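A quick write-up on the structure given underneath.
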Amino acid sequence: MTIEDRELEDGDYIKVDYTSRDVPIPHDFLMVDPPDARPITAKRIDWLETDLPEFVNHYAILLDHVLSPSECDTLLQMAEDSVKDRGRSGTRRWGPALVNIGGGFETLDKEYRNSDRIVWDNQTIMDRLWMRCIKAKGLQDELAVVVDPPSERRRRQGIQENSRWVFERLNQRGRFLRYTHGQFFRPHCDGAYSEIEKDTGKILMTHYTLHLYLNDSFAKMEGASNEPSPTDLVGGATSFLSHDHERLVKVNPKSGRVLIFQHKGLYHCGDDVAQGVKYTMRTDIMYRLCRGSET
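Just so you know, we're using the UniProt record's numbering here: the sequence shown kicks off at 1 and counts up by one.
What follows is the structure, encoded as structure tokens:
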């Protein structure tokens, strides 16, 4: 059974097959700055200046204006165009966001994750997105290499050496997410994805999440009396949390903003959307395992 066959209910699980339509990508998309582009800015999150100082050794960075508002709109439209017709009417493009349970199966769990999703695999888009991101000074060097200490299991096997992983590319898989009123993603840490490339034998693994926000949330100006319009997005921040949920650091959606953070140890959630619609895209940064003297 595929996701198109019927409406899923909580607890249902299915074998997923994320295939997409071919979508023409304009040759200049993300290659040439559009009229509404602004200079990219970067700000590393300094956890010691937040309510979560225990994350001091955890990496997270905010990049603003990576995409312009018009580019966000174009990217979202292309993602919607990539979807094969769903449902008998052939008009339903967004499906429920499912939870991976392994072996190619996913399940619906709306108490944990409640949103809609489009999955679109496109390496060209991801390569162009990364080229935009590394316009931020120093980012490419900061994320070039990951040194991973051996796991407890590897230590028991007598392996004491650190693993060295070198940047390879962004994961081609873009998960486009749509959150409407009352939808959310409950607290979790992102898991790593790994694969062995058939053609090259490269061992690849993700170590960082890349989150691209595709529209703005309402921002109340300090000391001002401005109120959201009926169509404004209210809520939906990405919140990093202490494990007792008592302390947090919020990252509010902003069109074209990219949030990059390490998978390991950064407990976070997608806050409830109180009003409007939130659009985002999530992917990962993939690294290649270096063997011996490889670089």
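Quick reminder that beta carbons are idealized off the backbone N, C-alpha and C, glycines included. None of the values given here were measured: they were computed from a predicted structure.
Minimum C-alpha distance to residue i - residue among the options
i	options	result
E80	T280, E227, I14, H188	T280
A219	I196, H243, L210, K250	K250
I45	Q275, L248, R291	L248
P230	R38, D73, Q275	Q275
V99	G235, I14, D73, M78	I14
Whether residue i touches residue j by CB criterion (9 Å)
i	j	result
D12	L108	yes
G182	V277	no
A136	R113	no
Q217	I203	For the sequence presented, residue 217 should be read as Ser rather than Gln. Contact: no.
M131	L67	no
F55	S115	no
T283	R175	yes
L62	F240	no
Chain-order list of residues whose beta-carbon lies under 6 Å from that of residue i (same chain, five-residue window excluded)
i	result
Y213	P253, K254, R257, T280
N20	The question names Asn, but residue 20 is Ser in the sequence shown. Only S82, W120 meet the Cβ criterion.
M286	E168, R169, N171, L204, T206
R38	H65
Own chain, CB closer than 7 Å to residue i, minus 5 neighbours either side, in chain order
i	result
H58	W47, Q262, G265, L266
D10	L108, D109, K110
Outcome for residue i when other beta-carbon atoms lying within 10 angstroms are tallied against a minimum of 16
i	result
A144	exposed
G102	exposed
S89	Any reading at S89 must be qualified, since the residue scores a pLDDT of 45, below 50, and its modelled position is unreliable; the value itself is stated next. Exposed: under 16 other Cβ atoms inside 10 Å.
T238	buried
I196	exposed
D28	exposed
H211	buried
Same chain, Cβ closer than 8 Å to residue i, five either side skipped, listed in chain order
i	result
D127	R169, L170
E161	P150
D5	With a pLDDT of 44 at D5, under the threshold of 50, the modelled position of that residue is not reliable, and no figure is offered here.
R165	Per the sequence presented here, residue 165 reads as Trp, with Arg not at that position. Once the five neighbours on either side are set aside, the close Cβ partners of W165 are V145, V146, V147, D148, M205, H207, Y287, R288, L289, C290.
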